[in-house]
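Undergrad: Below is a structure I'd like to ask you about.
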Amino acid sequence: MTDRSVANVTCLGCGCACDDITVVVKQDSIAEARNACALGAAWFGDGTVPAETRVNGRPASLEQALTEAARLLGGAKRPLVYLAADISCETQREGVAIADRLHAATDSLAATATTAVLAAQRRGRAGATLGEIRQHADLVVFWAVDPSTRYPRYGSRYVVEPRGVAAPQGRNSRTLIAVDVGESRGPADADGRVAVAPTDEVDGLEMMRAAVQGRAGGADARFRTVVELARRMTEARYVAIVADGEPGLVPADPARAEALITLAQALNGPTRCALSTLRGGGNRSGADAVLTWQTGFPFAVDFARGHPSYHPQAGAAALLGAGEVDAALVIGTPATLPVPVAAGLAGIRSVAIGPRASAATFQPAVAVDTGVAGIHEGGTAFRMDDVPLPLRPSLEGGGARAALVTVRALRDRLGA
Amino acid sequence: MSQPTRLRIAGGTVYDPANGVEGVVHDVCIEGDRIVAELPASAPRLDARGMVVMPGGVDIHAHVAGSSVNHARRLLPEEHAADPAPAPRLADGPPGRSGTGGTVPSTFATGYRYAGLGYTTAMEAAVAPLAARHAHAELDDTPIIDAGFFVLLGNDDYLLRQIAAGETVRARDYAAWLLGVTRAYAIKVVNPGGVAVWKGGGGGADGGRNVRGLDDAVGSSAVTPRKILETLAGAANALALPHPVHIHCNNLGQPGNAATTLESMRTLAGQRAHFTHLQFHSYGGALGKAWASAAREVIEYVNAHAEVSVDVGQVMFGPATTVTADGPVEQLLYASSGRKWVNIDIELESGCGIVPYAYRERAAVAALQWAVGLELFLLANDPWRVVLSTDHPNGGTFLSYPELIRLLMDRAYRDERLKGVNQKLLAGNALLDGLSREYTLGEIAIITRAGPARLLGLTGKGHLGPGADADVTIYANDADRAKMFATPRYVIKAGTLVVEDGQLRRAPTGRRLTVRPDYDAAVTKDLKRFFDEYACVGFENYGAEPVA
Amino acid sequence: MTRVLLAGVSTRGFAESAARAGYEVVAVDGFGDLDLVACATEVHVVRVGGRFSARAAVAAVRDVSCEAAVYEAGFENHPRAVRALAAGRVLWGNPPAVLARARDPRRLARVVGNAGLPGPRVRFTRPAPGARSGWLVKPLRSGGGDGVAVWRRGARVPRESYLQERISGVTGSIVFAADGRRAVPLGLSRMLAGETAFGADGFRYCGSILGSAGDPQFSADDRLLDRATLLAESVTRAFGLVGVNGVDFIARRGLPYAIEVNPRYTAAMELVERAYGISLFDVHVRACRRDLPAFDLGAARRRTRDAVGKAVVYARRPTALGDTRPWVLDSDVRDISPPGTRFAPREPICTIFARGRDAAACVAALARRAARLYRDVERREARSA
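In structure tokens form, the structure reads like this:
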């Protein structure tokens with residue numbers, strides 16, 4: 000193959016899903032991913048992926064693998080289908096079809112943001128797509144998160160640096176406030192900082208909401224700075240609050256998510272406000288969207304009764320931990336499985352189809368290596384703000400198997 | 000019965016108003032996916048004697064697929080849990096898929112339920128261009144029905160700039176480009192200018208959060224709701240689109256908004272325009288004062304102007320979910336009612352607002368809304384231009400269509416229901432004046448099939464003449480019209496028998512209905528500059544066309 | 000941009016330095032880590048029987064055209080491989096003849112003695128019974144503490160190994176730039192070896208701490224710097240060292256007892272780059288061209304307040320990694336394996352970095368970081384069925 004450059008490529012390294020990457024291919028491998036941040040560059044790598052097919056640890060043909068996979072899954076009493084990272088929405092849809100057919104429990108990497116998703120189901124959202132924040136926000140409040148640590152271009156491509164319709168000077172049109180909640184700190188270069196003790200966090204958010212709604216609160220000294228911040232927020236033209244939907248090093252107060260939502264909703268009274276919830280990569284937002292439109296629920300869906308039911312507290316990790324699952328199908332990169340899921344898969348017979356499946360730590364009975372969606376195959380993926388984007392593969396047609404084709408073939412075998 | 004490529008629907012009572020057929024007993028012949036004039040006597044038969052045969056239903060306006068709808072789904076797990084939809088047992092083809100219902104069903108359930116209701120075509124009413132790819136993916140997972148969507152314009156930054164600069168032609172080219180690149184069917188305008196103002200920020204009680212009048216400045220005084228309407232209606236007509244601009248007027252849901260509606264209609268007098276969920280825009284009274292119905296005034300205008308078409312957006316008592324691109328309206332609804340509210344501002348384009356709701360007979364305003372919708376139906380002269388809809392799921396779900404049909408056809412039933420509602424705001428309402436009109440089956444066939452098909456420019460739909468798409472619904476002729484329309488005996492879609500003896504038996508894939516008007520390619524150069532400057536998605540990635 | 004070939008057991012550290020200095024890097028090593036792939040244009044991974052082989056590495060890149068070649072750990076004991084690596088390329092580093100001399104422990108002992116510096120005795124045969132010193136057995140072709148053990152009295156000295164007197168003190172190293180005659184010291188660091196906090200045992204290298212002037216990690220710090228600089232100059236002159244080099248020693252009361260010369264880039268040099276902001280690769284290339292930097296290590300040590308350190312975290316039990324791609328965003332984690340990589344016990348998982356107000360605090364910070372890493376990765380591997 001010739002050396003080439005592929006422009007407008009979408010990166011799935013994190014939930015920013017930047018689609019302005021230019022991939023430079025030399026001698027069938029990725030030499031460079033221009034515009035990509037370090038995480039994006041690591042996600043693209045050089046495009047090399049293993050291309051093995053194994054049954055019970057031994058090399059096998061695809062035919063044998065599919066036969067054994069169908070046998071294993073079809074004969075299971077309580078199967079689990081798990082959508083891991085690095086697969087397209089098209090592949091995710093096939094996975095849910097299989098789960099439906101098998102009456103399986105289903106879950107995905109979207110469940111890492113369980114707290115945020117549940118809070119949004121209880122309350123709703125006051126949100127905006129990333130580009131809207133860029134156009135209009137004149138005040139951005141980072142709540143206990145510095146996006147540059149895990150979402151490196153969030154600031155530079157979307158919310159902080161670029162010029163917007165109502166932000167002609169880019170960064171200088173915006174004021175950034177970092178709210179540091181204990182060890183979870185906002186960006187180092189914020190224009191102002193507010194410190195909140197972790198034990199005061201949720202109460203502080205409630206005090207802020209009361210202040211925004213004009214409900215007089217006592218002037219408890221502990222909350223004076225956050226109430227002052229709330230006042231400042233009501234005077235902004237458009238305020239964005241940025242919070243991490245993914246678990247961080249320091250566990251967040253589970254009540255934080257809901258308190259942030261209700262504060263953002265309340266701020267839409269006196270002014271305009273959007274809460275931006277950061278989410279991880281690998282197209283987990285796509286899994287959330289697909290499960291929601293196909294079943295009505297965003298994750299932890301169980302088809303055992305012949306129709307989808309929702310068990311947010313009993314998702315893959317809990318089911319595996321309780322020893323309830325007797326067979327599993329993992330679609331996507333097994334290395335991206337959360338620890339409790341990966342550990343829980345250890346003792347059960349499983350099928351892994353996805354990038355580096357043959358290196359899966361839980362030693363699947365059937366492993367079929369595939370390429371990575373966005374590198375070796377195309378399809379659709381979702382950004383963290385639920386904007387759909389096309390995937391533009393730069394190494395298509397090489398040695399890597401397409402996940403979509405493989406999962407479809409398995410679906411056919413299962414009569415799904 | 001298996002899958003014939005030919006089928007004679009024999010001896011049914013046919014309602015095919017587009018071809019002047021009203022209650023005539025004759026055979027309808029199908030070959031492949033088309034209606035044909037005749038078939039050999041040996042062709043397989045479906046005995047439809049004593050049954051009513053109509054073209055498949057056409058839903059001109061429903062929120063069933065795409066980004067906003069999915070946000071609504073995610074918001075309502077309790078509803079889904081209460082309305083499971085096990086996979087139908089299909090006779091052939093791939094296995095059916097399970098799902099969930101409620102006011103915003105999952106995609107497979109949506110397709111199955113539409114088909115079960117005898118609907119074979121539906122239009123998703125509002126898709127933001129940025130999320131077009133998502134809408135298509137959901138429609139790919141919505142079986143049986145042919146579907147398309149209306150793409151949102153009228154609050155998008157690029158368009159407003161063209162209007163400000165007086166670039167009417169470029170605005171038209173942009174609209175044409177957008178329709179093609181998003182693979183949409185028609186132009187949808189929601190609260191023209193109002194959503195842009197809502198997103199622009201600026202705070203204050205009412206200052207800068209919405210528009211009130213058609214001449215309010217949107218950003219600059221060069222851009223007003225009126226200009227937006229004129230530009231987009233002009234574009235749709237200049238492009239000779241099959242369906243005219245589809246308009247959700249300013250001031251939805253506000254007492255006194257009939258004035259805005261009428262003024263919007265007058266602005267576009269003489270050119271084709273479709274005004275949607277008219278019921279929500281037909282209120283008298285005034286803000287802060289009492290509500291009243293202005294249905295009579297509004298429908299009189301519609302009656303007198305043949306270029307205007309509408310769908311009613313009837314409110315039906317029971318649960319509903321308001322899902323709309325009209326963000327500011329939803330903020331008000333949240334402030335005055337429920338616990339849950341979703342607002343998503345969509346970059347450079349539009350917005351999305353969701354509030355779960357319920358219409359109760361005992362609530363005075365809900366009862367008024369119900370009455371206003373019925374007034375619009377019953378006072379309408381031309382059923383070809385007044386389409387049945389509930390703005391699903393805003394006014395009620397599409398599963399309530401049969402109940403609505405009964406209300407229109409059965410005066411006694413209607414009056415009985417009227418007695419049970421809160422009549423506080425119904426003084427002077429035509430219903431209380433003893434509106435006795437009853438829709439005939441022929442008229443129902445118009446407002447649920449022939450009319451919307453014609454208004455959408457779907458020449459192969461909504462009728463049973465030779466060459467039409469073989470989408471046919473066969474009902475038992477039941478005196479209880481709600482029961483009749485709720486459970487068609489047979490439904491044929493593109494020549495395939497999908498519902499047999501009231502059971503869903505097959506679920507073929509439906510077609511996507513799109514338009515692709517020509518445009519001057521020079522507009523893409525200007526758009527690329529705009530994207531380079533402001534957009535957070537690549538120009539080449541925008542839209543819904545396959546890229547690789 | 001000049002294309003340079005980097006070869007060694009692990010090339011990530013020097014490759015990053017080269018890329019930052021504006022070179023186009025082609026790397027061949029035994030790991031092919033994610034962060035290496037990120038900074039190199041081309042990466043070749045070579046393992047023979049699970050281990051890196053210098054000869055196989057050279058063969059793997061025989062047809063890769065680069066203007067220059069640089070070797071790292073894994074090559075200093077294989078002069079023939081170095082010669083092959085340099086074929087058709089400019090060698091930036093010590094030529095094979097220099098390598099042979101610099102790696103000879105007897106020569107080192109002589110050079111050290113001639114400079115008036117103390118050093119451990121070395122021998123190739125067993126000492127007489129009754130000798131009081133302790134001895135270490137060291138393979139001639141050793142690196143990173145591999146194969147080093149306490150000599151058991153009376154045991155035979157294996158072929159290709161030697162005995163080195165065991166000196167009590169603090170293990171350290173001096174790294175420097177050399178032009179064949181003069182040496183400019185670049186950093187003075189303490190070496191960590193065999194620490195269980197990092198899963199290391201025996202004499203396995205597991206980290207370095209670069210302290211500021213007067214840091215108590217070395218007693219008589221000023222004198223040590225002075226003597227170690229003399230040591231660096233002595234070996235440079237004696238062996239004709241060029242480029243960046245390091246000498247390991249045991250420090251005792253301000254005196255460095257030289258134990259080994261590393262005539263190439265060493266792991267401790269990465270700390271110099273981090274702490275003082277100088278480009279080791281740039282310094283190396285210039286030094287190979289006989290152009291030494293004007294760098295005052297004493298002043299730099301006085302200016303820097305914090306201690307900076309690194310640790311290699313070794314697997315304590317069978318370990319499997321999850322999605323390591325986000326690790327690249329943490330500047331304190333390096334040598335990041337691809338997602339899902341599995342490690343047998345005692346294999347290196349990655350390298351971590353930390354700072355502290357002094358060396359002791361820095362070590363504590365590294366230990367805490369390692370503990371967190373173990374917690375995160377050890378839960379993933381399957382419990383054996």
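Chains as they are written, first to last, in numbering that gives the first Met the number 0: chain A, 0 to 415; chain B, 0 to 547; chain C, 0 to 384.
For each residue, glycine too, the CB sits at the ideal point set by N, CA and C.
DSSP on residue 376(A), reduced to helix/strand/coil?
TA: Looking up residue 376(A) in the first sequence gives position 377. Strand at residue 376(A).
Undergrad: Strictly under 7 angstroms for the Cβ-Cβ distance: is residue 326(A) near chain B by that measure?
TA: In the first sequence, counting from the first residue as 1, residue 326(A) sits at position 327. Under the Cβ criterion of 7 angstroms, residue 326(A) is not counted among the residues facing chain B.
Undergrad: Mind listing the chain B neighbours of residue 126(A)? Cutoff is C-beta to C-beta under 8 angstroms, in chain order.
TA: Position 127 of the first sequence, counting from 1, holds the residue named residue 126(A). Simply 341, 342, 343 and 344.
Undergrad: Only counting the same chain, and skipping five residues up and downstream in sequence, which positions put a Cβ closer than 8 angstroms to that of residue 371(C)?
TA: Translated into the one-based positions of the third sequence, residue 371(C) becomes position 372. Cβ within range, chain order: n/a, list empty.
Undergrad: Restricting to Cα atoms, I'd like to know which of 198(B), 258(B) and 448(B) is closest to residue 17(B).
TA: Here residue 17(B) refers to the residue found at position 18 of the second sequence. With distances taken between Cα atoms, residue 17(B) lies closest to 448(B).
Undergrad: Would residue 382(B) and residue 442(B) be called neighbours here (beta carbons separated by less than 7 angstroms)?
TA: For this step, residue 382(B) is matched to residue 383 along the second sequence. For this step, residue 442(B) is matched to residue 443 along the second sequence. Yes, Cβ-Cβ distance for residue 382(B) and residue 442(B) is below 7 angstroms.
Undergrad: Along chain A, in chain order, which residues have C-beta atoms closer than 8 angstroms to that of residue 107(B)?
TA: Position 108 of the second sequence, counted from the first residue, corresponds to residue 107(B). Per Cβ cutoff of 8 angstroms: 293.
Undergrad: Are there 16 or more other CB atoms within 10 angstroms of the CB of residue 23(B), so buried, or fewer, so exposed?
TA: As a position in the second sequence, residue 23(B) is number 24, starting the count at 1. Residue 23(B) is exposed by the Cβ-count criterion.
Undergrad: When burial is assigned at 16 or more other CB atoms within 10 Å of the CB, is residue 202(B) buried or exposed?
TA: Counted from its first residue, the second sequence places residue 202(B) at position 203. With a pLDDT of 48 at residue 202(B), under the threshold of 50, the predicted position of this residue should be treated as unreliable, and no value is reported.
Undergrad: What is the residue span of the beta strand (DSSP E) that residue 252(B) lies within?
TA: Taking the first residue of the second sequence as 1, we reach residue 252(B) at position 253. Run containing residue 252(B): none; DSSP gives neither H nor E here.
Undergrad: Just how far apart, CA to CA, sit residue 34(C) and residue 41(C)?
TA: Here residue 34(C) refers to the residue found at position 35 of the third sequence. Here residue 41(C) refers to the residue found at position 42 of the third sequence. Rounded to whole angstroms, the separation of the alpha carbons of residue 41(C) and residue 34(C) is 12 angstroms.
Undergrad: Does DSSP put residue 227(A) in a helix, in a strand, or in coil?
TA: Residue numbering aside, residue 227(A) sits at position 228 when the first sequence is read from its first letter. Three-state DSSP puts residue 227(A) in a helix.
Undergrad: Could you tell me whether any Cβ in chain A is nearer than 7 angstroms to the Cβ of residue 69(B)?
TA: The count along the second sequence starts at 1 and reaches residue 69(B) at position 70. Interface residue, yes.
Undergrad: Residue 338(A) touches chain C at which residues, Cβ-Cβ below 8 angstroms?
TA: Position 339 of the first sequence, counted from the first residue, corresponds to residue 338(A). Per Cβ cutoff of 8 angstroms: 321, 375, 378 and 379.
Undergrad: Note down the Cα distance separating residue 46(C) from residue 92(C), rounded to an integer number of angstroms.
TA: Here residue 46(C) is taken as the residue at index 47 of the third sequence, counted from 1. Here residue 92(C) is taken as the residue at index 93 of the third sequence, counted from 1. Near 23 angstroms, if we compare the C-alpha coordinates of residue 92(C) and residue 46(C).
Undergrad: If we define contact as Cβ-Cβ less than 7 angstroms, is residue 182(B) a contact residue for chain A?
TA: Start at 1 with the first residue of the second sequence, and residue 182(B) comes out as number 183. Nearest CB-CB separation between residue 182(B) and chain A: not below the 7 angstroms threshold.
Undergrad: Using 8 angstroms for Cβ pairs, my map puts residue 295(A) next to residue 72(B). What's the rounded Cβ distance?
TA: On the first sequence, position 296 is the one that residue 295(A) refers to. On the second sequence, position 73 is the one that residue 72(B) refers to. Confirmed, about 5 angstroms.
Undergrad: Can you give me the C-alpha to C-alpha distance between residue 47(B) and residue 506(B), rounded to a whole angstrom?
TA: Here residue 47(B) refers to the residue found at position 48 of the second sequence. Here residue 506(B) refers to the residue found at position 507 of the second sequence. Between residue 47(B) and residue 506(B), the C-alpha separation is close to 22 angstroms.
Undergrad: Find the nearest neighbour of residue 82(B) within the set 406(A), 251(A) and 305(A), judged by alpha-carbon distance.
TA: As a first step, residue 82(B) is located in the second sequence; it is residue number 83 there, counting from the start. Answer by Cα proximity: 305(A).
Undergrad: Let me know the secondary structure DSSP gives residue 268(C) once reduced to three states.
TA: The sequence position of residue 268(C) within the third sequence is 269, counting from 1. Residue state, collapsed to three classes: helix.
Undergrad: Could you tell me how far apart the beta carbons of residue 60(B) and residue 122(B) are, in whole angstroms, since I believe they sit closer than 8 angstroms?
TA: Start at 1 with the first residue of the second sequence, and residue 60(B) comes out as number 61. Start at 1 with the first residue of the second sequence, and residue 122(B) comes out as number 123. In this structure residue 60(B) is in contact with residue 122(B), their Cβ atoms being roughly 6 angstroms apart against a cut-off of 8 angstroms.
Undergrad: Counting only beta-carbon separations shorter than 7 angstroms, does residue 355(A) have a partner in chain C?
TA: For the purposes of this step, residue 355(A) is taken as residue 356 along the first sequence, with counting starting at 1. Judged by the 7 angstroms Cβ criterion, residue 355(A) is in contact with chain C.
Undergrad: Going by beta-carbon coordinates alone, are residue 312(C) and residue 351(C) separated by less than 7 angstroms?
TA: For the purposes of this step, residue 312(C) is taken as residue 313 along the third sequence, with counting starting at 1. For the purposes of this step, residue 351(C) is taken as residue 352 along the third sequence, with counting starting at 1. Yes, they are a contact pair.
Undergrad: Closest to residue 370(A) by C-alpha separation, out of 108(A), 279(A), 400(A) and 66(A), would be which residue?
TA: Residue mapping note: residue 370(A) aligns to position 371 of the first sequence, counting from 1. For residue 370(A), the closest of 108(A), 279(A), 400(A) and 66(A) by C-alpha to C-alpha distance is 400(A).
Undergrad: Just the chain B side, please: which residues come within less than 7 angstroms of residue 34(A) by C-beta, in chain order?
TA: Position 35 of the first sequence holds residue 34(A). Those do not exist, as residue 34(A) stays about 11 angstroms from chain B at its closest Cβ, beyond 7 angstroms.
Undergrad: Taking the alpha-carbon positions, what's the residue 172(B) to residue 299(A) distance?
TA: Counting from one through the second sequence, the residue named residue 172(B) turns up at place 173. Counting from one through the first sequence, the residue named residue 299(A) turns up at place 300. Their Cα atoms are separated by approximately 46 angstroms.
Undergrad: Please name the residues in the segment 121 to 143 of chain B whose beta-carbon is closer than 7 angstroms to at least one beta-carbon of chain A, in chain order.
TA: 129, 130, 132, 133, 136, 137 and 140
Undergrad: What do you get for residue 261(A), buried or exposed, if any count of 16 or more other CB atoms within 10 angstroms of its CB means buried?
TA: Within the first sequence, residue 261(A) is the residue found at index 262, counting from 1. With 16 or more Cβ atoms within 10 Å of its Cβ, residue 261(A) is classed as buried.
Undergrad: Could you check which residue in 175(C), 285(C), 151(C) and 152(C) has the C-alpha nearest to that of residue 267(C)?
TA: The count along the third sequence starts at 1 and reaches residue 267(C) at position 268. Nearest C-alpha to residue 267(C): 175(C).
Undergrad: Leaving out five residues before and five after residue 169(A) in sequence, what residues of the same chain have Cβ atoms less than 7 angstroms from its Cβ?
TA: Translated into positions along the first sequence, residue 169(A) becomes position 170. Here the set comprises 160, 161 and 162.
Undergrad: Count the other CB atoms within 10 Å of the CB of residue 0(B); is the residue buried (16 or more) or exposed (fewer)?
TA: Numbered from its first residue, the second sequence carries residue 0(B) at position 1. Residue placement at residue 0(B) cannot be trusted, given a pLDDT of 49 that sits under 50; the coordinates are not used to answer.
Undergrad: Determine the chain A residues that contact residue 328(C) at a beta-carbon separation under 7 angstroms, and present them in chain order.
TA: Working through the third sequence from its first residue, we reach residue 328(C) at position 329. Those are 37, 38, 148, 149 and 151, listed as they occur along chain A.
Undergrad: Report the neighbours of residue 25(C) on chain A: residues whose CB is nearer than 8 angstroms to its CB, in chain order.
TA: Here residue 25(C) is taken as the residue at index 26 of the third sequence, counted from 1. None at all; the shortest Cβ gap to chain A is about 11 angstroms.
Undergrad: Report yes if the CB atom of residue 421(B) is closer than 7 angstroms to the CB atom of residue 515(B), and no otherwise.
TA: Translated into positions along the second sequence, residue 421(B) becomes position 422. Translated into positions along the second sequence, residue 515(B) becomes position 516. No; because the gap between Cβ atoms is not below 7 angstroms, this pair is not in contact.
Undergrad: Here's the rule: buried if 16 or more other CB atoms are within 10 angstroms of the residue's CB, otherwise exposed. What is residue 183(B)?
TA: Here residue 183(B) refers to the residue found at position 184 of the second sequence. Classification of residue 183(B): buried, given that the 10 Å Cβ count is 16 or more.
Undergrad: Use the C-beta contact count for residue 262(C): other C-beta atoms within 10 angstroms, 16 or more gives buried, fewer gives exposed.
TA: Along the third sequence, one-based indexing puts residue 262(C) at 263. Residue 262(C) is buried by the Cβ-count criterion.
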